[in-house]
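Protein chains in written order, with my numbering: chain A, 1050 to 1226; chain W, 2 to 540.
Think of the CB as a built atom: it goes at the ideal place given N, C-alpha and C, for glycine as much as any other residue.
Below is one structure; the comments refer to it alone.
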């Protein structure tokens, strides 16, 4: 039954709870899991950027996906974590954090256990999903973290141009034709 | 076999660094030769450079480079023997040869002779850096030296000293550890004294490392010698570039960062500043325009000036353009200061036509933004008909600043201490006003100030006692109202994460003693914001 190719195609995902739902990201994207500590807020950024934190000397931003999905901010409890993920923005590897209510488990899914995402009914945009993973009788939303976060970046770039203190004129790119 | 391959890697890397230097020397020498074609000493120097390049290229297996260098040598030999004069055509040929050499260096080595061991691929043995440089063949040739600029030559003596110091720090640490482990009734003062010893050594080491990073600005300046010549001749102008104070040293990161702004400014000087020769003759000037790149130290800063003896800023034209763009209310009443500020606005260009050189109105705006990103400032002085002088002021180092820690609603922010003039208490009746800006009475003088609480949208009433930090940027001062002052601290600057760089008001971040992150406030940005908001409030 399990031919070698089958084994290769099975992939591991890290499942975490967020805003009452269960989500997962490819485990190879996750660099580490930190306990949630108070973050430094950055004024005039969208609410989905929860703040920045010090990861052993480098400063990384932390995104609250709950806000991104249109829900209230994730409340901080004892089990709240920050998943440190590595994604690529335009080819540049970037490290950032994701707030998770709790990290539940590592799940292994084969292609036959991943369903196409439904066109509606989830809070997440369909193109931000890899699919729906079947774990027992539950469904876990598999996030395409690169897409989710690059959408975040675009939003932020837009927010930066309109940020409360626009200095004189919108900075830059005002090329004459 | 493996070892041989590694040796070759090292050889190639050394050659690449050396070649970049030699090529820059060649270029400068050739341009200098054009100015003084009879300078035999210059010819000898050029010949020596070409010869060294040939030798090193042969050694590193860059046969194409060696071949071109050989031809260049022959040409120089004929110049030396006076069978050929160094006229314009020959100089052009020499410069083209330099370009060809640069391309050949970028294309990578590998013996081209069939007898030699065939490399797996043409680029085998060259580090990826060059392979990348070779791909965009249409990219400007100047990309190569900047890529090579990522390495730094440090005197071994300095490294030895660093090693000594780190050893001493190790000893001091050991002593401290022993004291702490022994426990018992150790006097706190004793431990503190041991800690201070270690601290002093650490600061010494830090200073040494910062010093090792200092490099002279000369090489960056000299890169523009060729640029000026080529640009001027493309526009039928004559111009030469002089470098003054090239030995002034700055942090290597500063050198990297000023490359682009400098290029914009030099291009501007040729394009907008220097007039065509006939116009210059008519004005009684030397037909050959003179551009000076100057560097000197001044009070913990490096000052870089780009001076030209050209037409100066066309103030009427600038004022009219600015009015048309809505940047200036009344063109006829523009002050000198306003003109100086306007040319750094995005979108403003005085060029009648967009050339491939400049005229898109992005140049000076980019310069200002780049310079301010380095916590520097840029200003301009100009006299119509006599010339223009751009002055850039930059801190000597980018890595560490003295900061004033301030608190706003529980969060800590850092103001660069160099921008802070003084701190004062904000009287309760002044602090209670609404809106993000206000004006306070500082020893009888009105001072506009910005309330960070309001600007950052912090809810809730401000504390009973607030403080105002008076900051300065260029000629203007403004106040920044904060909740509390936490005191001074040396802070290591971390760049703002790329996505957050567009957010104005912050220039970077730093990690506090307790491990939390604090944002560094961008004083020029805050200042403009204060002035803009108070101007709007007054209108």
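Secondary structure at residue 252/W, three-state DSSP: helix, strand or coil?
-> strand
Between residue 1101/A and chain W, is there a C-beta pair that is closer than 7 angstroms?
-> yes
Contact list for residue 412/W against chain A, beta-carbon separation under 7 angstroms | 1089 and 1090
Report the rounded CA-to-CA distance for residue 25/W versus residue 203/W, giving the unit in angstroms.
-> 38 angstroms
Among 1198/A, 1118/A and 1059/A, nearest to residue 1133/A - alpha-carbon criterion = 1198/A
So, does the CB of residue 1108/A fall closer than 7 angstroms to a CB anywhere in chain W?
-> yes
Chain W partners of residue 1097/A, CB-CB under 9 angstroms?
-> Near residue 1097/A there are no residues of chain W at all, since even the closest Cβ is about 12 angstroms away, more than 9 angstroms.
With 7 angstroms set as the bound, which would you pick, yes or no: does the beta-carbon of residue 436/W sit closer than that to a beta-carbon of chain A?
-> no
Under the three-state reduction of DSSP, which class applies to residue 1143/A: helix, strand or coil?
-> strand
Residue 458/W to residue 391/W, Cα distance in whole Å?
-> 38 angstroms
With a Cβ-Cβ cutoff of 7 angstroms, do residue 481/W and residue 493/W count as a contact?
-> no
List the whole-angstrom C-beta distance separating residue 268/W from residue 32/W, where the pair is believed to meet the contact cut-off of C-beta under 8 angstroms.
-> Their Cβ separation, rounded to whole angstroms, is 17 angstroms, which puts residue 268/W and residue 32/W out of contact at 8 angstroms.
Going by C-alpha distance, which of 194/W, 461/W and 389/W is nearest residue 546/W?
-> Look at the range of chain W in this structure, 2 to 540, and you will see that residue 546/W is not part of it.
Using a C-beta cutoff of 7 angstroms, does residue 510/W count as contacting chain A?
-> yes
DSSP on residue 377/W, reduced to helix/strand/coil?
-> coil
Is it right to say residue 309/W is buried, meaning 16 or more other beta carbons lie within 10 angstroms of its own, or is it exposed?
-> buried
Compare the Cα-Cα distances from residue 156/W to each of 215/W, 414/W, 105/W and 451/W and report the closest residue.
-> 215/W
Report yes or no: is there a C-beta of chain A within less than 7 angstroms of the C-beta of residue 516/W?
-> yes
Pick from 446/W, 485/W and 475/W that is closest to residue 452/W, judged by C-alpha positions = 485/W
Sorted by chain position, which residues of the same chain lie with C-beta nearer than 7 angstroms to residue 283/W's C-beta, five sequence neighbours on each side aside?
-> none
The stretch 1143-1163 of chain A / the stretch 1101-1114 of chain A touching (three or more Cβ pairs under 8 angstroms) | yes
In chain A, what lies closer than 7 angstroms to residue 406/W by C-beta?
-> Residues of chain A passing the Cβ test: none, with the nearest at roughly 13 angstroms.
How long is the line joining the alpha carbons of residue 1192/A and residue 496/W, rounded to whole angstroms?
-> 29 angstroms
With residue 375/W and residue 395/W assumed to form a contact (beta carbons below 8 angstroms), what rounded beta-carbon distance in angstroms separates them?
-> 6 angstroms
Per the contact definition of three or more C-beta pairs closer than 8 angstroms, is the stretch 514-528 of chain W in contact with the stretch 403-419 of chain W?
-> yes
What is the rounded straight-line gap between the Cα of residue 325/W and the Cα of residue 261/W?
-> 29 angstroms
Return no unless some Cβ of chain A is closer than 7 angstroms to the Cβ of residue 457/W.
-> yes
Helix, strand or coil for residue 228/W per DSSP?
-> helix
So, residue 1156/A versus residue 1173/A, is the Cβ gap smaller than 7 angstroms?
-> no
Would you kindly work out how many angstroms separate the C-alpha atoms of residue 53/W and residue 20/W, rounded to a whole number?
-> 9 angstroms
Neighbour-count burial assignment, residue 511/W, 16 or more Cβ in a 10 Å radius | buried
State the DSSP-derived secondary structure class of residue 1065/A, mapped to helix, strand or coil.
-> strand
Within chain W, partners of residue 1153/A - CB distance below 9 angstroms = Ordered by position in chain W, no residue passes the 9 angstroms Cβ test against residue 1153/A, which lies about 28 angstroms from the chain.
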